[in-house]
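Numbering that gives the first Met the number 0 puts the sequence shown at residues 0 to 75. Please read the structure below before turning to the comments.
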Amino acid sequence: MLRCDEKDLQVTSGEDYLTLYRFNTMTAEHYFCKICGIYTFHKMRKMPDKYAINSGCLDGVDMTKLQPVFNKGSER
Numbered sequence: 000m001l002r003c004d005e006k007d008l009q010v011t012s013g014e015d016y017l018t019l020y021r022f023n024t025m026t027a028e029h030y031f032c033k034i035c036g037i038y039t040f041h042k043m044r045k046m047p048d049k050y051a052i053n054s055g056c057l058d059g060v061d062m063t064k065l066q067p068v069f070n071k072g073s074e075r
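And the structure:
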């Protein structure tokens, strides 16, 4: 999952294949492919000026070169 500012996200192809899904507070905007159902990206509820993007949906991204950042989750 990659994050970017709202102004930096540009869908360059396949926009006709995207469908929007909202749930719970109806704030976050989750986009999926109408054909295969893959999650592509979403506008974040807690940070509405940011998008989270499924990096597997990006052309030209070498997944082996990505440097993950792990966030410590809440302790249970």
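Don't be surprised by glycine CBs; every beta carbon is placed ideally from N, CA and C.
DSSP, read as helix, strand or coil, puts Lys71 in coil. DSSP places Cys56 outside any beta strand (DSSP E), giving it a letter other than H or E.
Apart from the 5 residues on each side of it in sequence, Met62 sits with its Cβ closer than 8 Å to the Cβ of Ser54, Gly55 in its chain, given in chain order. The alpha-carbon of Tyr20 is positioned some 15 Å away from that of Ile52. DSSP lists no beta-bridge partner residue for Glu5. Within the same chain, Cβ atoms closer than 6 Å to the Cβ of Leu17 are found at Tyr30, the five residues on either side in sequence being excluded.
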